[in-house]
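See below for the structure under consideration.
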Amino acid sequence: MAKIKHGFSGQRLIVYPFYVIEQALNNPLVADLVVHSMGYFPKAESHYIDRASGCGEYLLIYCTKGEGWYVLDGKRYVVPENHFFILPAEKPHQYGSSEHDPWYIYWAHFKGKKAKYISDQLQGVIPIDMDDNSRIGDRIAFFDELLNVLESGTDEATVNYVNLSFNHLIASFLYVKTYREAKFSKSKAENTFFISLATHFMTENLENKLTLKELASHFGYSESYMYRLFFKETGYAPMNYFLHMKIDRACQLLLHTNMKINQVALKLGFDDPYYFSRIFKKIVGTSPKDYRHSLPK
1 MAKIKHGFSG QRLIVYPFYV IEQALNNPLV ADLVVHSMGY FPKAESHYID RASGCGEYLL
61 IYCTKGEGWY VLDGKRYVVP ENHFFILPAE KPHQYGSSEH DPWYIYWAHF KGKKAKYISD
121 QLQGVIPIDM DDNSRIGDRI AFFDELLNVL ESGTDEATVN YVNLSFNHLI ASFLYVKTYR
181 EAKFSKSKAE NTFFISLATH FMTENLENKL TLKELASHFG YSESYMYRLF FKETGYAPMN
241 YFLHMKIDRA CQLLLHTNMK INQVALKLGF DDPYYFSRIF KKIVGTSPKD YRHSLPK
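Reminder that position 266 of the sequence shown reads as 266 in full-length UniProt numbering, one-by-one numbering, no gaps.
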């Protein structure tokens with residue numbers, strides 16, 4: 001199977017232009033830690049990178065599912081689920097996804113005055129153990145939030161927000177115990193953790209059909225408990241929330257691609273395009289066709 005750098009279904013990848021990075025590196029407010037690029041690669045089959053001369057930035061890779069590996073200084077490391085590592089700048093390295101269990105990774109290239117210190121503090125493959133207050137879901141949600149902001153523009157306020165917030169993200173890796181204990185309520189932390197994981201699981205399955213039974217089974221809960229907890233924390237029934245997420249994605253596809261409406265429907269797990277159109281109109285207030293035509297050209 002061919003080895004690939006990116007192009008995975010459902011991936012997110014944002015790279016700041018060179019001039020944006022240079023301006024940030026010369027801005028005293030954020031120069032200590034500057035994001036170069038960031039992304040999320042789900043089920044990155046055949047993912048492989050070989051940088052014989054290294055790269056100009058430090059690279060954080062956080063494996064949230066599956067397994068991968070990297071090679072640094074002639075030594076090969078295995079990276080299991082819920083583990084992360086940082087590759088130093090300017091050093092040759094290789095990394096990639098497991099052939100039998102492809103990894104799901106969040107990653108960020110970064111630079112700045114504090115970058116080397118951070119890399120030196122976080123050497124090797126580091127675990128983030130699962131427990132009742134692990135806040136893994138919180139960290140994933142924060143990664144997603146930063147990706148959302150990165151996608152929103154390159155004005156100074158947006159770039160500063162990303163870079164200042166990235167300090168908080170790095171702190172959650174540097175001081176895992178403190179990050180966990182910072183949550184003021186254990187029960188609230190558990191619920192927040194669960195909702196973050198549940199919505200993340202939904203995001204990964206937007207192109208599939210998913211039932212309440214399958215969702216509950218994935219987390220080891222009964223359907224009734226899953227429903228009550230999810231409704232309590234979000235105000236939505238789980239499957240209704242999932243349906244809204246599908247329609248949100250449909251809006252993005254209608255906005256950013258030339259896919260036909262029936263293709264959008266099939267991509268999001270709707271076998272019947274007419275049913276998709278009815279659901280779309282019920283939620284959005286207009287048909288997919290009218291929604292697309294109403295967008296500014």
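Even glycine gets a Cβ: it sits at the ideal position worked out from N, Cα and C.
- For the pair residue 237 and residue 166, the Cα-to-Cα distance works out to about 33 Å.
- The three-state reading of DSSP puts residue 203 in helix, counting H, G and I together.
- Secondary structure of residue 171 (DSSP, three-state): helix.
- Excluding its 5 nearest sequence neighbours in each direction, residue 272 has C-beta neighbours in its own chain below 8 Å: 265, listed in chain order.
- DSSP places residue 119 in the helix class (H, G or I) of the three-state scheme.
- Residue state for residue 37 is assigned as strand, using DSSP reduced to three classes.
- Collapsing the DSSP output to three states places residue 64 in a strand.
- Annotation for residue 230: the continuous alpha helix (DSSP H) segment containing it runs 223-234.
- Assignment of residue 270 by DSSP, reduced to helix, strand and coil, places it in the coil class.
- Note that the C-beta distance between residue 198 and residue 219 is below 8 Å.
- Residue nearest to residue 141 within the set 124, 196 and 103 is 196 (criterion: CA-CA distance).
- Under the three-state reduction of DSSP output, residue 247 falls in the helix class.
- Taking C-beta atoms as the reference points, residue 253 and residue 259 count as a pair closer than 8 Å.
- Per DSSP, reduced to three states, the secondary structure at residue 152 is helical.
- Comparing alpha-carbon positions, the option among 35, 44 and 173 lying closest to residue 99 turns out to be 44.
- Non-local beta-carbon contacts of residue 76 in its own chain, meaning distances under 7 Å to residues more than five positions away in sequence, involve 69 in chain order.
- DSSP places residue 75 outside any alpha helix (DSSP H); the residue lies instead in the beta strand (DSSP E), whose first and last residues are 75-79.
- Among the bridge pairs identified by DSSP, residue 94 is matched with 50 and 71.
- Between residue 205 and the set 134, 241, 33 and 148, the nearest pair of CA atoms involves 241.
- Nearest to residue 243 by C-alpha distance, out of 102, 154, 79 and 281, is 281.
- Non-local beta-carbon contacts of residue 51 in its own chain, meaning distances under 8 Å to residues more than five positions away in sequence, involve 92, 93 and 94 in chain order.
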